[in-house]
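Enquirer: Take a look at this one; I'll ask things after.
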Ligand SMILES: Cc1ncc(COP(=O)(O)O)c(C=O)c1O
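Residue numbers (my numbering): 267 to 570.
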C-alpha cells in the first residue's frame, strides 16, 4: 500500500495547441488502479490507513446513485478486506438500478437507500449517532472522500511531477482534489478548477475553508474556478460533449468520463480556442479517473 505510484504524464499533440505555442499534458491518474482509480485512490488512501490502524472493520460512506466514490470505496473494501456500507441518496432506487450500484453490491457493499431529506442531514451528529446504533462501530468517510485524509492523499498527485507548468487543471465536485493541488502546486503555477456541478460561488467558499483548515494558515492560496463547463449540472451532458469525448479517445487514445474529466478537457480546448492561455503556456490536466460512470451512457460504454 505504501508502494510509490507514478502514473505517466502524456503530452497531447493537437494543432489547436501547437499553433498557439501552448503545450497540453495529462497526468494519467486514471491508470493508478483498475477499480480504485484516479483521485478516488488518492482520497481513500489515508482514510483506509487510518481505518486499518484503528481496527475498524467497517467503512461507512455516502454518495449518489452514480457515485465514483461509492464504487471505489466498495472496491477498496473488497481489496483490503473490510466491510463497506454505502448510504445512497434516493429511496426510490434499488440495488440493480445501474452499473455503479450493481458493481458496489458485487464488491460486497451494503447499500442503504435513504430519502433526500435524510441524505441532507448526513453530517449532523445526531444522525451519525443513529447510524452507529443501527450498524455498529464504523469508520466514517464523508461524501466524496472530502476530509483532511482525502486532501493529504491528493497532495501526493503532484509529488512525482518534476516539470514546471503554468497551469494545473482539475475537475471539481467537492473541491477536495483541487485543495490538494492548490497546496502542493509550485510557485507561479496557476491552479484552475472546472466544477462539474452548478454553484461555483458556494464551492469557492468551501475550497477556501478547506485550504485554511488544511494549512492552518489564514493566508489565501490562489486558484480560479472556471464555471462555464458544467453542461447543465451534475451528470448532465449533450451531444457535443459526447462527440468530444469520442473524438478525444480516437485521436489521443485516452478515455474520458462524461461527468468530470470530459467536461474539464472540453473546457481546456474551448478556452484555448478563445485565446485564454498565453503563448508559452504549459498546461497540466489531471485525469482523475471515474471511467466506470460511462457505463450509464449508451454511447460511451466500452470506451475504455
Ligand atoms: C473522476 C472524478 N474527477 C473529479 C472529481 C472531483 O473530485 P472532488 O470531489 O475532490 O472535487 C470526482 C468526484 O469526486 C471524480 O469522481
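In this text, a Cβ means the ideal position worked out from N, Cα and C, and glycines have one as well.
#1: Less than 7 Å between C-beta atoms, sequence neighbours within five positions excluded: which residues of the same chain meet that for residue 421?
#2: Say yes only if the C-beta of residue 501 is nearer than 7 Å to one or more non-hydrogen atoms of ligand 1, and no if none qualify.
#3: Nearest-angstrom Cα distance between residue 278 and residue 289?
#4: Is residue 353 near residue 324, with beta carbons less than 8 Å apart?
#5: Would you call residue 386 buried or exposed, if buried means 16 or more other Cβ atoms sit within 10 Å of its Cβ?
#6: Could you give the distance in angstroms between the alpha-carbon of residue 267 and the alpha-carbon of residue 337?
#7: Within 8 Å, do at least three Cβ pairs link the segment 456–472 to the segment 431–438?
#8: What's the gap between the Cα of residue 334 and the Cα of residue 568?
#9: Taking 7 Å as the line, does the beta carbon of residue 341 fall inside it for any heavy atom of ligand 1?
#10: Just to check, is the beta-carbon of residue 350 closer than 7 Å to a non-hydrogen atom of ligand 1?
#11: Give the DSSP-derived three-state secondary structure of residue 564 in the structure shown.
#12: Going by the DSSP bridge assignment, what does residue 293 pair with across the sheet?
#13: How about the segment 378–392 and the segment 352–367: do they share at least three Cβ pairs that are nearer than 8 Å?
#14: On the DSSP bridge list, what partners appear for residue 326?
#15: Since residue 411 and residue 310 should fall inside the 8 Å C-beta cutoff, what is the C-beta to C-beta distance between them, to a whole number of angstroms?
#16: Between the alpha carbons of residue 332 and residue 554, how many angstroms are there, rounded?
#17: Using the three-state DSSP reduction, which class does residue 267 fall into: helix, strand or coil?
#18: Per DSSP, which residues does residue 300 bridge with? Please list them.
#19: So, under 8 Å CB-CB, residue 558 and residue 365 are touching, yes? Tell me the CB distance rounded to an integer number of Å.
#20: Between which two residues does the beta strand (DSSP E) containing residue 458 stretch?
#21: Put residue 256 into one of helix, strand or coil per three-state DSSP.
#22: Note the first and the last residue of the continuous beta strand (DSSP E) segment covering residue 377.
#23: For the alpha helix (DSSP H) holding residue 392, just list the boundary residues, first then last.
#24: Is the closest heavy atom of ligand 1 to the C-beta of residue 332 under 7 Å?
#25: Quick check on this structure: which residue in 481, 313, 520 has the alpha carbon closest to the alpha carbon of residue 552?
#26: Please state whether DSSP places residue 434 in a helix, a strand or coil.
#27: On the criterion of 16 or more Cβ atoms from any shown chain inside 10 Å, does residue 321 qualify as buried, or is it exposed?
#28: Hey, is residue 442 close to ligand 1, as in C-beta under 7 Å from one of its heavy atoms?
#29: Can you tell which of 444, 453, 416 has the C-alpha that lies nearest to the C-alpha of residue 428?
#30: Using the beta-carbon count (16 or more within 10 Å), is residue 529 buried or exposed?
#31: Are there 16 or more other CB atoms within 10 angstroms of the CB of residue 273, so buried, or fewer, so exposed?
#32: For residue 392, is the classification buried or exposed, using 16 other Cβ atoms within 10 angstroms of its Cβ as the cut-off for buried?
Expert: Answer, in terms of the structure:
#1: Within the chain shown, the letter at position 155 stands for residue 421. The answer, listed in chain order, is 446, 449, 450.
#2: Locating residue 501 in the chain shown gives position 235, where the first residue counts as 1. Checking the Cβ of residue 501 against ligand 1 gives no.
#3: Your numbering for residue 278 matches position 12 in the chain shown. Your numbering for residue 289 matches position 23 in the chain shown. Each residue's alpha carbon lies about 8 Å from the other.
#4: Taking the first residue of the chain shown as 1, we reach residue 353 at position 87. Taking the first residue of the chain shown as 1, we reach residue 324 at position 58. Going by C-beta atoms, residue 353 is not nearer than 8 Å to residue 324.
#5: Along the chain shown, one-based indexing puts residue 386 at 120. The residue in question, residue 386, is exposed, as its Cβ has fewer than 16 Cβ neighbours within 10 Å.
#6: Position 1 of the chain shown holds residue 267. Position 71 of the chain shown holds residue 337. Caution is warranted here: a pLDDT of 46 is assigned to residue 267, below 50, making its placement in the model unreliable, and no coordinate value can be reported.
#7: yes
#8: Position 68 of the chain shown, counting from 1, holds the residue named residue 334. Position 302 of the chain shown, counting from 1, holds the residue named residue 568. Cα to Cα, the separation comes out at about 17 Å.
#9: On the chain shown, position 75 is the one that residue 341 refers to. Checking the Cβ of residue 341 against ligand 1 gives no.
#10: Counting from 1 along the chain shown, the entry for residue 350 is found at position 84. Because no heavy atom of ligand 1 lies under 7 Å away, the Cβ of residue 350 does not count as near it: no.
#11: Numbered from its first residue, the chain shown carries residue 564 at position 298. Reduced to three states, the DSSP call for residue 564 is helix.
#12: Numbered from its first residue, the chain shown carries residue 293 at position 27. DSSP output for residue 293 lists 275, 552 as bridge partner(s).
#13: yes
#14: Counting from 1 along the chain shown, the entry for residue 326 is found at position 60. Answer is 351, 406.
#15: As a position in the chain shown, residue 411 is number 145, starting the count at 1. As a position in the chain shown, residue 310 is number 44, starting the count at 1. Rounded, the Cβ-Cβ distance is 6 Å, consistent with contact.
#16: Counting from 1 along the chain shown, the entry for residue 332 is found at position 66. Counting from 1 along the chain shown, the entry for residue 554 is found at position 288. In a straight line, the C-alpha of residue 332 is about 16 Å away from that of residue 554.
#17: On the chain shown, residue 267 is found 1 positions in, with the first residue counted as 1. Low confidence applies here, because residue 267 scores a pLDDT of 46, under 50, leaving its location unreliable; read the following figure in that light. If DSSP states are grouped into helix, strand and coil, residue 267 belongs with coil.
#18: As a working mapping, residue 300 is identified with position 34 in the chain shown. DSSP output for residue 300 lists no bridge partner at all.
#19: One-based indexing of the chain shown puts residue 558 at position 292. One-based indexing of the chain shown puts residue 365 at position 99. With a Cβ gap of about 7 Å, residue 558 and residue 365 count as contacting.
#20: Indexing the chain shown from 1 puts residue 458 at position 192. 456–461 is the extent of the beta strand (DSSP E) around residue 458.
#21: For residue 256 there is no data in the structure shown, the boundaries of the chain being 267 and 570.
#22: Here the question's residue 377 lines up with position 111 in the chain shown. Here the beta strand (DSSP E) through residue 377 covers 376–380.
#23: Position 126 of the chain shown, counting from 1, holds the residue named residue 392. Element bounds for residue 392: 391–401.
#24: Numbered from its first residue, the chain shown carries residue 332 at position 66. For ligand 1, not one heavy atom lies less than 7 Å from the Cβ of residue 332.
#25: Residue 552 sits at position 286 when you count from the first residue of the chain shown. Considering only alpha carbons, the answer is 520.
#26: Residue numbering aside, residue 434 sits at position 168 when the chain shown is read from its first letter. Correct three-state label for residue 434: strand.
#27: The residue you call residue 321 lines up with position 55 of the chain shown. Result: exposed.
#28: Stepping through the chain shown from its first residue, residue 442 is reached at position 176. Answer for residue 442: yes, Cβ within range of ligand 1.
#29: Stepping through the chain shown from its first residue, residue 428 is reached at position 162. The shortest C-alpha separation from residue 428 is found at 453.
#30: Looking up residue 529 in the chain shown gives position 263. Result: buried.
#31: As a first step, residue 273 is located in the chain shown; it is residue number 7 there, counting from the start. By the 10 Å Cβ count, residue 273 comes out buried.
#32: If you number the chain shown from 1, residue 392 lands on position 126. When all chains shown are included, residue 392 counts as exposed.
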